[in-house]
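What follows is a short report on a single structure.
In my numbering, the protein residues as written are 50 to 476.
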């Protein structure tokens with residue numbers, strides 16, 4: 050085998066691979082053994098045809114595809130090792146020459162992992178978030194708990210933000226009712242932004258028995274093309290208005306929450322304060338982490354092939370599909386419910402996928418520069434954390450992670466981020 054390579058554009062390499070007749074002959078042998086068992090020729094039992102008779106009847110060319118499939122994967126693997134390449138996608142093959150007598154000449158065009166030129170990633174400056182728990186934070190959380198025990202009560206008078214208006218509505222475009230624009234006895238929480246912009250604001254002020262025509266324009270990016278940017282009129286009737294009645298915050302309310310060891314308002318406030326303190330500490334740490342990673346990415350220089358982003362989007366779609374399958378929902382059902390296409394969803398995921406690719410490339414480059422390693426004890430500690438998190442034994446976790454090298458990479462990334470945090474300068 051002989052290999053030459055040339056860069057045809059940034060992060061894209063073309064390998065020209067020459068396979069000798071002897072090497073290709075081994076592939077032809079493998080191909081023949083694969084196909085002969087299914088070949089029937091008069092005068093020979095099925096699977097017993099001699100090689101010369103096969104080639105006479107079908108031509109040696111009938112073996113070429115299977116021979117290439119037998120030879121090229123190993124040849125390609127050795128070629129990228131010899132050329133010190135890190136492919137990020139499957140190669141595109143183009144067979145230039147092929148014969149039993151002369152072997153094969155083929156090109157494999159492949160996208161390679163970008164080279165990252167790191168900038169500053171240590172000693173970065175971050176403005177920290179406050180970890181102070183304010184009185185209004187405590188009260189807001191207690192109010193949230195109270196809302197879980199609230200009751201909806203019918204009210205007299207005009208609806209305000211936060212109320213729920215039970216309405217009939219029907220939408221018209223150019224005087225004609227449009228599909229999907231009608232509802233009866235629909236409970237609409239005002240301020241929830243569950244209807245198109247401007248609708249809920251015009252229901253505010255209406256009372257039970259009121260009727261009103263609401264003129265609106267659909268957003269330009271609305272998923273239904275015939276309604277995108279269209280001027281429409283909704284005829285709305287309010288049947289009743291409900292408001293949320295909160296319970297009194299007293300010891301009886303606290304007991305109704307049924308939280309172990311918490312029976313008084315004073316105990317509840319202490320518990321809420323403790324939990325908010327932990328939440329704010331975590332948020333402050335996450336803020337520093339995200340800030341330094343974003344700065345490190347901004348300080349680095351590299352070009353990302355679009356295929357890397359597309360692959361990450363596909364990974365995100367697969368993870369989402371698995372999550373919905375666990376809930377008994379297919380991806381087709383989800384797309385139908387959300388009123389979008391797969392193309393729409395992939396495009397929405399693009400910014401997050403791009404961010405993940407950028408961060409992983411830069412962190413990977415820092416890991417390499419810092420020669421970050423993971424000891425057996427550190428790996429064991431990570432497995433124990435996972436076992437505790439999922440309520441499983443360590444050995445069970447190991448069976449779920451057949452390739453511990455991926456877990457090691459995760460630990461390297463965590464150690465790298467911790468190193469960067471340790472060097473942070475707080476503004």
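C-beta: ideal position from N, C-alpha, C; glycine also.
Exposure label - residue i; buried when at least 16 CB within 10 Å
i, result
"residue 234", "exposed"
"residue 449", "exposed"
"residue 80", "buried"
"residue 277", "exposed"
"residue 126", "exposed"
"residue 66", "buried"
"residue 211", "exposed"
"residue 152", "buried"
"residue 295", "exposed"
"residue 273", "exposed"
"residue 269", "exposed"
"residue 170", "buried"
Identity of the residue in the options nearest residue i by Cα
i, options, result
"residue 260", "244, 284, 215", "284"
"residue 289", "334, 216, 266", "216"
"residue 464", "446, 431, 476", "431"
"residue 115", "74, 412, 309, 126", "74"
"residue 300", "314, 112, 90", "314"
"residue 54", "133, 72, 83", "133"
"residue 415", "400, 458, 393", "458"
"residue 110", "94, 89, 150", "150"
"residue 155", "466, 382, 169, 124", "124"
Distance, residue j Cα to residue i Cα
i, j, result
"residue 60", "residue 242", "45 Å"
"residue 451", "residue 442", "15 Å"
"residue 264", "residue 280", "7 Å"
"residue 412", "residue 476", "23 Å"
"residue 434", "residue 192", "34 Å"
"residue 473", "residue 346", "16 Å"
"residue 119", "residue 76", "5 Å"
"residue 195", "residue 247", "30 Å"
"residue 57", "residue 64", "10 Å"
"residue 399", "residue 362", "7 Å"
"residue 429", "residue 406", "28 Å"
"residue 344", "residue 130", "33 Å"
"residue 421", "residue 354", "26 Å"
"residue 306", "residue 469", "42 Å"
"residue 148", "residue 72", "12 Å"
"residue 117", "residue 106", "21 Å"
"residue 250", "residue 218", "15 Å"
"residue 436", "residue 164", "36 Å"
N- and C-terminal bounds of the alpha helix (DSSP H) containing residue i
i, result
"residue 359", "355–375"
"residue 271", "No alpha helix (DSSP H) holds residue 271; DSSP gives it neither H nor E."
"residue 195", "184–196"
"residue 127", "113–131"
"residue 84", "70–85"
"residue 384", "380–387"
"residue 340", "314–348"
Range of the contiguous beta strand (DSSP E) that encloses residue i
i, result
"residue 218", "213–222"
"residue 285", "280–294"
"residue 101", "Not the beta strand (DSSP E): residue 101 falls in the alpha helix (DSSP H), residues 100–107."
"residue 236", "225–238"
"residue 263", "260–266"
"residue 54", "51–58"
| request: Determine contact between the segment 221–238 and the segment 323–336, defined as no fewer than three beta-carbon pairs at a distance below 8 Å. | output: no
| query | Using 8 Å as the Cβ pair cut-off and three pairs as the minimum, do the segment 151–159 and the segment 124–143 touch? | reply | yes
| task | Evaluate the contact criterion for the segment 382–396 versus the segment 340–355: three or more CB pairs, one atom per stretch, below 8 Å. | result | A contact between stretches requires three or more CB pairs, one per stretch, nearer than 8 Å, and the segment 382–396 fails this requirement with the segment 340–355.
| query | Okay, do the segment 174–189 and the segment 93–107 touch, 3+ Cβ pairs below 8 Å being the bar? | reply | no
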